[in-house]
Amino acid sequence: MTRYSFGTITAMLTVIAWRNVWRNHRRTLIMLGAIAVGVWAMIWLTAIMRGMVDQMITDSIKNLIAHVQIHAPAYRDDPSIANSMPAPSDSLQQALQDPAIQTWSTRVRVPAVISSERESAGVTLVGISPLREREMLFLAGAVTDGRYLQSPRDDGVIIGAKLAERLETRLGWRIVIMSQDPDNDIVDRGFRVVGIFDTEMEATETSYVFTGLQSAQEFLKMGSQVSELAVLTNDYRHEQPIVDKLRDAAPDLEVLPWQEIDKYLATMLNVVEGFVWVWFIVVFIAMSFGLVNTLLMAVFERTREIGLIQALGMKPRLILLQVLIESFFLLSVGLVFGNLLSWLSIIPIQDGWDISALGVEGLEYAGMSTMLYPVVQASDVILSNVVVIVLGLIASLYPAWRAARHVPVEAITRI
Amino acid sequence: MSTVICKQLSKVFGEGELAVHALSDIDLDIQSGSFACLSGPSGSGKTTLLNLIGGLDTPTHGEITVAEQRVDRMNKAQLANMRLHHIGFVFQAYNLIPVLTAQENVEFVMQLQGMHHSQRAEKSRSILNEVGLSGMENRRPAEMSGGQQQRVAVARALVSEPDLVLADEPTANLDSHTAENLMDLLVDLNQRHGTTFIISTHDKLVMSYAKRLIKMRDGKIEDDGSRQSVS
Ligand SMILES: Nc1ncnc2c1ncn2[C@@H]1O[C@H](COP(=O)(O)OP(=O)(O)OP(=O)(O)O)[C@@H](O)[C@H]1O
Ligand SMILES: [Mg+2]
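Residue numbers (the numbering used here), protein chains in the order written: chain P, 1 to 415; chain R, 1001 to 1231.
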């Protein structure tokens, strides 16, 4: 048996493979273009899609969901005033100091009936600490008429534009809110409408009425009790450690991440994850047809040459290796261009891309914003590159095998 | 000592009515250091015989021994090793790897053998010099004439000092002057290195260089200029 010096041989195969890549410029450039566009399609479109979903989740999270909610255990089954909880304990407050928590706030959230002189409607009355909610709740940015709440003591109410329309009331007018106190006695009180909010979702506009936290507590005679504690973390994807920590700090309360509060939204995120894979595979398959075809053509053109090197004593597996190295060069040069292209096409839109300019108008009705912020995840970039290289090499096995299989005598002596 | 021994060697292509008996019962013994020529009309089996001796094809019947090894009993990998370490080839055309320079083409076989870089460079330069190509080391095949390319092929066939060089119509694409130069070179190398040569040809000029002329017809040896050497 011969002792092949693997390093020497690989070095030689590498030189030959690299030069072979550039033998047919036109074909190579077309192939590189195809790989580059393929990789771009993987990275760029995934970033856009993730951006859209991110936007959707962020929007939904601001719609009274937040990242983590804490309630009395029975609140979710029966969100009445009876299932409220005390203001956060010292140990819970301690836990809420965590640097991974951006902000938190307590809320009163009870069913109520709102009436104007003409109409009445069932709503959810929400008492908030307006300053703490600025980042966590959509409301601060949605008041189109009048003003936002000023403090927990603020006893004005903010209602949705659609609700104002139904109640035939307007800014500055008074409405009456009726609910129950903890003793099941009816309480009612007049409030002045100090603000009207406008959102992309009609249901939100007709369902929620906001006032100051303390003013709600006084009105409902609940002392310092609250309905929920909402927490905003730094990243909605990594709220689980916080959830665990808060559970430890408040063992007698129910601590829920947003995925459990809004299961639909959580499913969305998983679907995207799966879609990324499907998308990568689809793009890859399209690309691999070109790749396999290019390599087969190259191998076919070089039948005689391959016969020659085989006649000279090069073993079939080295010929296989040479074609694979050639494919690796094609793939990696293509990848370099693809990544560059992706980067160049994301730079101009990284601070937001107004897609209303593209005429995508349905979005607003679907409750989505028209500003798109692409989200480039390192894992997507790595995955797309790995998919292309690994599956690309696997696809190249066929042409490589075809090359290695040539019978030397036929290839070299038949002209 | 014999470099090549063929006994009862036959090669049949195809089967049944379509069968072609390219070689029938060839007995041949080539002594070490021979400079033998195979001649004969087209289709007489010259290429087939060279391919069998070189392990590029397998016989239907018979034995082939090259450098004391039974070529007919080898598997593909063993044949590849045999070619790599014991046999040098010069084909009629398409001898060189287009993307490699003259020197790289010559070094190719040594690289496959795993020879160290410095040794390779030295050997390839000196053999290119010997075949009269010094100064052309860095040319690619496309930048050389047919005769120069054949000389590179000869250099490559000889550089790893094989026991046997098989050349199938090496002058077929060359003009007579270039062919003569090439033959002078081969004879010179044969004399100085003692390498065994078997050269197939139609060319009278080439035959005139032969120390032993083997004439073939219809897959048989019709006349062997040194039949006396066969035991
Ligand atoms: N792969 C093959 N399949 C079928 N028949 C073949 C094959 N190779 C050679 N032959 C036949 O075998 C016979 C010998 O062919 P070979 O190529 O050895 O002749 P040759 O003496 O080299 O001829 P030339 O001088 O034209 O090169 C011919 O009849 C040829 O047609
Ligand atoms: Mg022939």
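Glycine included, every Cβ here is placed at the ideal spot set by N, Cα and C.
Since this is a predicted model, take the numbers as computed values, not measurements.
Neighbourhood of R:D1218 by C-beta distance below 7 Å, restricted to the same chain and skipping five residues each side: Around R:D1218: S1044.
Straight-line Cα distance separating P:T199 from P:V376: Looking at the backbone, the Cα of P:V376 and that of P:T199 are separated by about 28 Å.
Limits of the beta strand (DSSP E) - the one that P:P130 falls within: That residue, P:P130, is in no beta strand (DSSP E); its alpha helix (DSSP H) goes P130 to E133.
Secondary structure of P:M1, DSSP reduced to three states: Note on P:M1: pLDDT 37, under 50, position unreliable in the model; the coordinate value appears next. Looking at P:M1 - three-state DSSP - the assignment turns out to be coil, as it is neither helix nor strand.
R:F1197 in three-state terms, based on DSSP: Correct three-state label for R:F1197: strand.
Ligand 1 heavy atom lying under 8 Å from the CB of P:V409: Checking every heavy atom of ligand 1 against the Cβ of P:V409, one is found closer than 8 Å.
Those runs of the beta strand (DSSP E) which lie wholly inside the segment 272-335 of chain P and span at least 3 residues: Complete beta strand (DSSP E) runs here, min 3: none at all.
Heavy atoms of ligand 1 versus C-beta positions, residues under 5 Å: With the cut-off at 5 Å, the residues found are R:F1013, R:V1020, R:A1022, R:S1042, R:G1043, R:S1044, R:G1045, R:K1046, R:T1047 and R:T1048.
Per-residue DSSP class, three states only, for P:G51: In this structure, DSSP gives P:G51 a helical state, which the three-state scheme calls helix.
Given R:S1126 as reference, the closest of R:A1036, R:A1102 and R:Q1113 once Cα atoms are compared: Nearest C-alpha to R:S1126: R:A1102.
heavy atom of ligand 2 below 8 Å from R:S1200 C-beta: For R:S1200, the distance from the CB to the nearest heavy atom of ligand 2 is below 8 Å.
Cutoff 9 Å: P:A11 Cβ touching any chain R Cβ: Judged by the 9 Å Cβ criterion, P:A11 is in contact with chain R.
Option nearest R:D1025 by Cα separation, candidates R:A1172, R:Q1119 and R:V1012: Shortest Cα-Cα distance from R:D1025 to any of R:A1172, R:Q1119 and R:V1012 involves R:V1012.
is_contact[P:V15, chain R] using C-beta, thresh 9 Å: At a cut-off of 9 Å, the C-beta of P:V15 has a neighbouring C-beta in chain R.
Which residues DSSP lists as bridging R:R1212, in chain order: The partner list for R:R1212 (beta bridge, DSSP) reads R:A1036.
Extent of the continuous alpha helix (DSSP H) run through R:E1107: From DSSP, the alpha helix (DSSP H) with R:E1107 extends over A1102 to L1112.
Exposed unless 16 or more other CB atoms sit within 10 angstroms - verdict on P:P449: Look at the range of chain P in this structure, 1 to 415, and you will see that residue 449 of chain P is not part of it.
For P:H25, three-class secondary structure by DSSP: DSSP, read as helix, strand or coil, puts P:H25 in helix.
Inter-residue Cα distance where the pair is R:G1194 and R:S1032: Looking at the backbone, the Cα of R:G1194 and that of R:S1032 are separated by about 8 Å.
8 Å CB neighbourhood of P:M268 in its chain, flanking five on each side removed: The beta carbon of P:M268 lies closer than 8 Å to those of V53, M56 and I57 in the same chain, with the five residues before and after it left out.
R:D1168 Cβ short of 8 Å to ligand 2 heavy atom set: Residue side-chain check: R:D1168 places its Cβ nearer than 8 Å to a non-hydrogen atom of ligand 2.
Segment limits, beta strand (DSSP E) that includes R:T1065: Where R:T1065 is concerned, the enclosing beta strand (DSSP E) starts and stops at H1061 to V1066.
Length of the line joining the Cα atoms of R:L1182 and R:I1199: Straight-line Cα distance between these residues: approximately 12 Å.
Any chain P beta carbon closer than 9 Å to R:P1098: Interface criterion met: the Cβ of R:P1098 is under 9 Å from a Cβ in chain P.
For R:Q1119, the nearest candidate out of R:E1107, R:E1130 and R:N1129 (CA to CA): Residue R:E1107 is the option with its Cα nearest to R:Q1119.
Neighbour list for R:V1131 in chain P, Cβ cutoff strictly below 8 Å: Ordered by position in chain P, no residue passes the 8 Å Cβ test against R:V1131, which lies about 17 Å from the chain.
As assigned by DSSP and simplified to three states, the class of P:W104: Note: P:W104 maps to strand in three-state DSSP.
Cβ-based neighbour list, P:S384, same chain, cut-off 7 Å, excluding 5 preceding and 5 following: Listed in chain order, the non-local C-beta contacts of P:S384 below 7 Å within the same chain comprise V39, M42, I43 and F280, local neighbours out to five positions each way being set aside.
Where P:R311 meets chain R, residues with beta-carbon distance less than 7 Å: Checking the sequence, you will find Ala at residue 311 of chain P rather than Arg. What P:A311 touches in chain R: L1056, R1083 and F1089.
Per-residue contacts from P:E305 into chain R (C-beta, under 8 Å): Simply Y1094, I1097 and P1098.
Cβ of P:I325 within 9 Å of any chain R Cβ: Not closer than 9 Å to any Cβ of chain R, the Cβ of P:I325 fails to qualify, so no.
Chain-order list of residues whose beta-carbon lies under 8 Å from that of P:K162 (same chain, five-residue window excluded): Short of 8 Å from the beta carbon of P:K162, and not among the five residues preceding or following it, lie these beta carbons of its own chain, in chain order: E202, E205 and T206.
Endpoints, the alpha helix (DSSP H) within which P:Y208 is located: Premise fails: P:Y208 lies in the beta strand (DSSP E), Y208 to G212, not in any alpha helix (DSSP H).
Residue burial classification, R:Q1228 (beta-carbon count within 10 angstroms, cutoff 16): Low per-residue confidence applies at R:Q1228: pLDDT is 43, beneath 50, and the placement is therefore not dependable, though the value from the model is reported in the following sentence. By the 10 Å Cβ count, R:Q1228 comes out exposed.
Residues that P:T8 contacts on chain R, provided the C-beta gap is smaller than 7 Å: Contact of P:T8 with chain R by beta-carbon distance below 7 Å involves Q1111 and G1114.
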